[in-house]
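S.K.: From first to last, the protein sequence lines are chains A and B.
Numbered per the numbering used here, the first sequence finishes at 261, counting up by one with no gaps.
Numbered per the numbering used here, the second sequence finishes at 114, counting up by one with no gaps.
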Amino acid sequence: QQQVRQSPQSLTVWEGGTTVLTCSYEDSTFNYFPWYQQFPGEGPALLISILSVSDKKEDGRFTTFFNKREKKLSLHIIDSQPGDSATYFCAGSPPQQGTGSKLSFGKGAKLTVSP
Amino acid sequence: GGIITQTPKFLIGQEGQKLTLKCQQNFNHDTMYWYRQDSGKGLRLIYYSITENDLQKGDLSEGYDASREKKSSFSLTVTSAQKNEMAVFLCASSMRVTNERLFFGHGTKLSVL
Chain A
147 QQQVRQSPQS
157 LTVWEGGTTV
167 LTCSYEDSTF
177 NYFPWYQQFP
187 GEGPALLISI
197 LSVSDKKEDG
207 RFTTFFNKRE
217 KKLSLHIIDS
227 QPGDSATYFC
237 AGSPPQQGTG
247 SKLSFGKGAK
257 LTVSP
Chain B
2 GGIITQTPKF
12 LIGQEGQKLT
22 LKCQQNFNHD
32 TMYWYRQDSG
42 KGLRLIYYSI
52 TENDLQKGDL
62 SEGYDASREK
72 KSSFSLTVTS
82 AQKNEMAVFL
92 CASSMRVTNE
102 RLFFGHGTKL
112 SVL
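(1) Please report whether the beta-carbon of K253 of chain A lies at a distance below 8 Å from any beta-carbon of chain B.
(2) Please return the same chain residues whose Cβ sits closer than 6 Å to the Cβ of K202 of chain A, not counting the five positions on each side in sequence.
(3) Could you tell me if F75 of chain B is buried or exposed, where buried requires 16 or more neighbouring beta carbons within 10 angstroms of its beta carbon?
(4) Would you list the residues sitting across from R37 of chain B in a DSSP beta bridge?
(5) Can you tell me the Cβ-Cβ gap for V166 of chain A and F251 of chain A, rounded? I've got them flagged as a contact below 8 Å.
(6) Hey, how far is the Cα of Q183 of chain A from the Cα of A88 of chain B?
(7) Would you kindly work out how many angstroms separate the C-alpha atoms of P9 of chain B and F176 of chain A, rounded to a whole number?
(8) Which ranges would you report for the beta strand (DSSP E) in the stretch 184-242 of chain A if only whole runs of at least 3 residues count?
(9) Specify the secondary structure class of I51 of chain B as computed by DSSP and reduced to three states.
(10) Taking only beta-carbon positions, decide if E172 of chain A is within less than 8 Å of chain B.
(11) Whose C-alpha, out of B:E63, B:T80, B:Q57, B:E53, is nearest the C-alpha of Q26 of chain B?
(12) What residues in its chain sit with their C-beta under 7 Å from that of L192 of chain A, if we drop five residues either side in the sequence?
(13) Please confirm if K58 of chain B has its CB atom under 8 Å from at least one CB of chain A.
(14) What residues in the stretch 171-193 of chain A have a beta carbon less than 9 Å from any beta carbon of chain B?
(15) Are there 16 or more other CB atoms within 10 angstroms of the CB of L152 of chain A, so buried, or fewer, so exposed?
(16) Measuring only between beta-carbons, confirm whether F105 of chain B sits less than 8 Å from chain A.
(17) In terms of residues, what are the limits of the beta strand (DSSP E) holding G64 of chain B?
(18) Which residues in the same chain as H30 of chain B place their Cβ atom closer than 7 Å to its Cβ, once the five residues preceding and following it in sequence are excluded?
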């Protein structure tokens, strides 16, 4: 069973536009939601994360929103740049007690930003 | 800063062959992970280890073995490669705390003939 679902699977945005990626999750015990960014030939890297006690977190052009009632989260990229072209993974995990992060990842969304 | 080094970068195997992938980290992290990435399927956890000599099964452990003989290294063995299998195996590490950031290597791309 897919614990975290992402949409869309791919999208193209014009340079300067706003990108919106969305995820939904099944497990109501999840309290930590990171977004990872992956460029071709590299491993994913943490972009931004949010805890379930918050509904918004911003880092420069990147903002993630969390809706606990609907079990949904989203990533907004304003002023999208060609350098943002990458695959984005959302993920979620329940509270862990000193055992590391056992994340459930979505299938990824491939973003292309066209000049 | 630190780095995760995965070897080899590319691995070509034969059906039924036993194949070993290696991962080294110099973050001094406690926890290490192996993920499998298939096109369109996201990242799926194969094994993880919270300390030296510890092994924990992930969702996709069948068909794999793992070994954590040192804190800095974590190896993964494909016990019997499947014909036409193609995937990227990603190693990662994190501190042994809740909600900690994962640092990933660049991956080993496996192709089975």
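Glycine residues also receive a C-beta, built at the ideal position from the N, C-alpha and C atoms.
This one's a predicted model, so the numbers in the text were calculated from it and none came from an experiment.
M.R.: Once the coordinates are examined:
(1) Position 107 of the first sequence holds residue 253 of chain A. Yes, K253 of chain A counts as interfacial toward chain B.
(2) Indexing the first sequence from 1 puts residue 202 of chain A at position 56. Hits under 6 Å: F211.
(3) Here residue 75 of chain B refers to the residue found at position 74 when the second sequence is read from its first residue. Its Cβ being crowded by 16 or more others within 10 Å, F75 of chain B is buried.
(4) By 1-based counting over the second sequence, the position of residue 37 of chain B is 36. Partner(s): B:R45, B:F90.
(5) The residue given as residue 166 of chain A occupies position 20 in the first sequence. The residue given as residue 251 of chain A occupies position 105 in the first sequence. The pair is not a contact, with the Cβ atoms about 19 Å apart (cut-off 8 Å).
(6) Here the question's residue 183 of chain A lines up with position 37 in the first sequence. Here the question's residue 88 of chain B lines up with position 87 in the second sequence. One C-alpha to the other measures close to 19 Å.
(7) As a position in the second sequence, residue 9 of chain B is number 8, starting the count at 1. As a position in the first sequence, residue 176 of chain A is number 30, starting the count at 1. Those two C-alpha atoms are separated by around 35 Å.
(8) 191-197, 202-205, 208-213, 218-223, 232-238
(9) In the second sequence, the residue the question calls residue 51 of chain B occupies position 50. I51 of chain B: coil per DSSP, three-state reduction.
(10) As a first step, residue 172 of chain A is located in the first sequence; it is residue number 26 there, counting from the start. By this cut-off, E172 of chain A is not an interface position.
(11) Taking the first residue of the second sequence as 1, we reach residue 26 of chain B at position 25. With distances taken between Cα atoms, Q26 of chain B lies closest to B:E53.
(12) Mapped onto the first sequence, residue 192 of chain A falls at position 46. Closer than 7 Å at Cβ, skipping near neighbours: P180, Y182.
(13) By 1-based counting over the second sequence, the position of residue 58 of chain B is 57. With 8 Å as the cut-off, K58 of chain B does not count as an interface residue toward chain A.
(14) N177, Y178, P180, Y182, Q184, G187, E188, G189, P190, A191, L192
(15) For the purposes of this step, residue 152 of chain A is taken as the residue at position 6 of the first sequence. Residue 152 of chain A is actually Gln in this sequence, not Leu. Classification of Q152 of chain A: buried, given that the 10 Å Cβ count is 16 or more.
(16) What you label residue 105 of chain B is simply residue 104 of the second sequence in a count that begins at 1. Yes, F105 of chain B lies at the interface with chain A (some Cβ there is under 8 Å from its Cβ).
(17) The count along the second sequence starts at 1 and reaches residue 64 of chain B at position 63. Note, G64 of chain B: premise wrong, no beta strand (DSSP E); not H, not E.
(18) Working through the second sequence from its first residue, we reach residue 30 of chain B at position 29. Cβ within range, chain order: S94, S95, M96.
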